[in-house]
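Q:
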Amino acid sequence: MAGFLIPFENPFRRQLDLWSDPWGNDFGYDDMAPPSLFRGWYTHPRTLGLTPQNVASSQVSDDEKEFKVNLDVTHFKPNEISVKAADNQVTIEGKHEEREDDHGLIQRYFKRTYTLPKDVDSASLKSSLSADGVLTVAAPKKAIAAPEERQIAIQMAGGGDAKE
1 MAGFLIPFEN
11 PFRRQLDLWS
21 DPWGNDFGYD
31 DMAPPSLFRG
41 WYTHPRTLGL
51 TPQNVASSQV
61 SDDEKEFKVN
71 LDVTHFKPNE
81 ISVKAADNQV
91 TIEGKHEERE
101 DDHGLIQRYF
111 KRTYTLPKDV
121 DSASLKSSLS
131 ADGVLTVAAP
141 KKAIAAPEER
151 QIAIQMAGGG
161 DAKE
C-alpha cells in the first residue's frame with residue numbers, strides 16, 4: 001500500500017508531535033497550508049478553535065488623533081496588572097501566582113513593551129480595564145502648533161527710488 005494515504009492518517013504526525021506545545025499553542029503542518037487542503041481530514045483536537053479572536057492578543061492603533069493599545073488580560077485581576085511609562089515606551093506587565101483553573105494549577109506572567117510615537121506625550125497616557133477583560137492604554141497626540149506668521153519688510157536693491 002505504498003503511496004496510498006488514509007484520510008485520517010497524517011504522514012507528518014511524528015513531526016507534528018515533536019512540534020506540539022503542551023500549552024495548546026501548536027504550530028503544525030496545517031498552519032503552513034490553506035485549510036481547504038484539509039477539508040474532510042482529521043484535525044488535531046488541540047488546534048481546533050484557536051483563532052486570533054479567542055487567543056490572547058493585542059491591537060495597536062496609531063491614527064492622527066491618538067495612540068491606543070488594546071490588550072486581552074482576561075486571566076488577570078486588576079491588582080495583578082501594572083502599566084508603566086518611561087522615556088518613549090510604555091510597559092504593561094501582568095503576573096499571578098499559581099492558582100487552580102479548569103485543567104489544574106497554572107501560573108501566568110507577561111510583559112509587553114510598546115514604543116510611543118514621537119508626537120505622543122507619555123505624561124498624557126491613561127489606562128482603563130473593561131468588564132470583559134480588555135485593557136486599553138491610550139494617549140492623545142500632541143497638538144501641532146500653527147506656524148507663527150510675521151511680516152518681512154521688502155528692501156530695495158540698487159539704491160533706486162521706490163515707486164509709490
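Counting in the UniProt record's numbering, the sequence shown runs from 1 upward without gaps. All C-beta atoms in this analysis are idealised placements derived from N, C-alpha and C, irrespective of residue type, glycine included. Small disclaimer: the values here were computed from a predicted structure and weren't measured.
(1) Identify every residue that forms a DSSP beta bridge with His103.
(2) In chain order, what residues of the same chain lie with their CB nearer than 6 angstroms to the CB of Asn70, ignoring the 5 residues before and after it?
(3) I'd like the ranges of any alpha helix (DSSP H) spanning at least 4 consecutive residues and lying wholly in the stretch 56-103.
(4) According to DSSP, is Ser128 part of a helix, a strand, or is it coil?
(5) Cα separation between Phe67 and Asn79?
(6) In three-state DSSP terms, what is Ala123?
(7) Identify, in the order they occur along the chain, each residue of the same chain with its Cβ nearer than 7 angstroms to the Cβ of residue 217, setting aside the five sequence neighbours on each side.
(8) CA-CA distance, Ala123 and Tyr109?
(9) Thinking C-beta only, is Ala139 closer than 8 angstroms to Val120?
(10) Rank Ile144, Lys95, Ile106 by C-alpha distance to the C-alpha of Arg112 and give the top, closest one.
(11) Taking only three categories from DSSP, how would you classify Gly158?
(12) State yes or no: is the C-beta of Lys65 within less than 8 angstroms of the C-beta of Lys141?
(13) For Pro140, write down the residues that DSSP places opposite it in a beta bridge.
A: This is what the structure gives:
(1) Bridge partners of His103: none, in fact.
(2) Gln59, Val134, Thr136.
(3) Within the stretch 56-103, no complete alpha helix (DSSP H) run reaches 4 residues.
(4) In this structure, DSSP gives Ser128 an extended state, which the three-state scheme calls strand.
(5) Whole-angstrom Cα-Cα distance: 24 angstroms.
(6) Looking at Ala123 - three-state DSSP - the assignment turns out to be helix.
(7) There is no way to answer for residue 217, as the model of the chain reaches only from 1 to 164.
(8) Near 26 angstroms, if we compare the C-alpha coordinates of Tyr109 and Ala123.
(9) In this structure, Ala139 lies closer than 8 angstroms to Val120 by Cβ.
(10) Ranking Ile144, Lys95, Ile106 by Cα distance to Arg112 puts Lys95 first.
(11) Secondary structure at Gly158: coil, using DSSP grouped into helix, strand and coil.
(12) Yes, the pair counts as a contact, with Cβ atoms nearer than the cut-off.
(13) Beta-bridge pairing by DSSP links Pro140 to Glu66.
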